[in-house]
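Heads up, the thing below is written out as structure tokens.
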Amino acid sequence: MKQSLSLLQQGIVGFLQSNESWLRPLLTERVFDGLDWQREAEKIIDKSLIYPDYYKQDFHSVDGGYLNPDAALTYDPITNRILFPSEEMIRSETAAMFKPDITTVLDLACGTGTATRAVAKRFPNAQITGIDLSPYMLVAAKVKADAAQLKNISFQHANAEYLPFADQSFDAVTASLLFHELPPDAGLKVMREALRVLKPNGEFVVFDGAQSGIYKLGGNLSKELFLEPYAEAFLSGNLRQTMTDAGFTKTSSHPLLLLYDLRKGVK
């Protein structure tokens with residue numbers, strides 16, 4: 014599904030397309046050298062999954078969004094550069110939000126598995142499960158987890174709105190940079206599913222942009238530069254209130270550098 018692009022967005026997309034030959038090597042990690050993306054994706058794809066219409070849009074100036082292997086190929090090099098002051102610090106702060114005795118963790122929309130690996134390293138005796146709608150993101154996540162020799166991670170092709178897990182399956186659930194890419198009604202469904210699969214007193218930790226202050230400037234810029242179709246709705250919303258609406262208690266918000274927020278809710 015194609016978005017209507019502003020003149021600025023048309024210029025950005027045109028620049029990327031016309032300069033692909035020299036940009037692609039800059040955004041390609043050696044860990045993926047020789048990888049047959051389609052063959053590996055076929056090993057992961059759950060063909061019974063139906064992709065929501067909102068997911069079929071272009072994201073981040075990538076034609077086809079996350080259903081294009083280019084999204085997985087370029088995600089980490091770009092994210093590493095735009096998460097201030099460092100992605101490693103932010104992922105570490107997110108993992109540190111959990112109680113020390115957790116043994117089962119679910120990472121929603123895990124992408125290339127950066128947050129998944131951070132949790133796995135902090136809790137080496139826990140079993141971490143990462144799910145994502147993009148089979149290509151899961152291919153990248155598995156390659157990187159294997160390269161890091163992390164044996165306590167598994168990945169599954171799944172929709173966070175309809176989790177394929179029984180009630181009360183996990184001690185903790187987390188989601189990073191997910192909700193600004195969802196329409197509000199889908200975000201509420203994801204929150205309710207996170208609540209359902211959590212054990213009593215389980216924690217849900219969410220890392221995403223702040224919804225007030227200086228981040229609004231960055232969020233509006235991100236909407237223009239990176240084709241974020243739901244940025245405007247996200248910036249006018251309140252994730253902590255959405256947590257409460259979904260049924261979480263003891264909700265809290267922990268600002269990071271005025272740009273981001275770590276939110277936590279308890280079942």
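Residue numbering for the sequence shown follows the numbering used here, starting at 14 and increasing by one per position. Note that the Cβ used here is the ideal one computed from N, Cα and C, for glycine as well.
What residues in its chain sit with their C-beta under 6 Å from that of V132, if we drop five residues either side in the sequence?
-> Counting from one through the sequence shown, the residue named residue 132 turns up at place 119. The residues are A108, V118, I141.
Who are the near neighbours of T264 in its chain, counting only those whose CB is closer than 6 Å to its CB and skipping five residues on each side?
-> As a position in the sequence shown, residue 264 is number 251, starting the count at 1. Excluding sequence neighbours, T264 sits near R253, M256, T257, G278.
What does a CB cutoff of less than 6 Å around T262 pick up in its chain, not counting 5 residues either side in sequence?
-> Position 249 of the sequence shown, counted from the start, is the residue given in the question as residue 262. Correct list, in chain order: V279.
DSSP beta-bridge partners of A336 = Examination of residue 336 is not possible in this model, given that the chain is present from 14 through 280 alone.
First through last residue of the beta strand (DSSP E) which encompasses V75 | For the purposes of this step, residue 75 is taken as the residue at position 62 of the sequence shown. No beta strand (DSSP E) holds V75; DSSP gives it neither H nor E.
Terminal residues of the beta strand (DSSP E) in which P268 lies | Here residue 268 refers to the residue found at position 255 of the sequence shown. Here the beta strand (DSSP E) through P268 covers 262–269.
Is it right to say L80 is buried, meaning 16 or more other beta carbons lie within 10 angstroms of its own, or is it exposed?
-> Residue 80 sits at position 67 when you count from the first residue of the sequence shown. Result: buried.
I think A188 touches V219, with their Cβ atoms under 8 Å apart; what is that distance to the nearest whole Å?
-> Numbered from 1 along the sequence shown, position 175 holds the residue referred to as residue 188. Numbered from 1 along the sequence shown, position 206 holds the residue referred to as residue 219. Right, the Cβ-Cβ distance comes to about 5 Å (below 8 Å), so this counts as a contact.
The region 176–196 touching the region 149–160, judged by at least three CB pairs closer than 8 Å = no
Using 10 angstroms around the beta-carbon of K164, count the other beta-carbons present and answer buried if the total reaches 16, otherwise exposed.
-> Translated into positions along the sequence shown, residue 164 becomes position 151. Label assigned to K164: exposed.
Under the three-state DSSP convention, the category L36 falls into = Counting from 1 along the sequence shown, the entry for residue 36 is found at position 23. At L36, the pLDDT of 44 sits below 50, so the modelled position is not reliable and the matter cannot be decided from this model.
Inter-residue Cα distance where the pair is D180 and K212 = Against the sequence shown, residue 180 aligns to sequence position 167. Against the sequence shown, residue 212 aligns to sequence position 199. Cα to Cα, D180 sits roughly 8 Å from K212.
For Y273, three-class secondary structure by DSSP | Within the sequence shown, numbered from 1, the residue matching residue 273 stands at position 260. In this structure, Y273 counts as strand in the three-state DSSP scheme.
Keeping to the same chain, check which residues put their C-beta closer than 7 Å to that of D184; ignore five residues upstream and five downstream.
-> Residue 184 sits at position 171 when you count from the first residue of the sequence shown. Contacts found: I115, T116, T117, V118, K212, G215.
Return yes when the Cβ of A199 is within less than 8 Å of the Cβ of Y64, no when it is not.
-> Mapped onto the sequence shown, residue 64 falls at position 51. Mapped onto the sequence shown, residue 199 falls at position 186. No, Cβ-Cβ distance for Y64 and A199 is not below 8 Å.
Exposed or buried, which one is D159 when buried takes at least 16 other CB atoms within 10 Å?
-> Taking the first residue of the sequence shown as 1, we reach residue 159 at position 146. It is exposed - the Cβ of D159 has fewer than 16 other Cβ atoms within 10 Å.
Alpha carbon to alpha carbon, how far is T127 from T92? Give it in angstroms, no decimals.
-> Against the sequence shown, residue 92 aligns to sequence position 79. Against the sequence shown, residue 127 aligns to sequence position 114. If I take the Cα positions, the gap works out to 10 Å.
In DSSP terms, what G143 is bridged to = Walking along the sequence shown from the start, residue 143 turns up at place 130. G143 is bridged to D120, F168.
Residue closest to L195, alpha-carbon to alpha-carbon, out of K56, R52, D71, K134 = Working through the sequence shown from its first residue, we reach residue 195 at position 182. Selected option, being the one with the closest Cα: D71.
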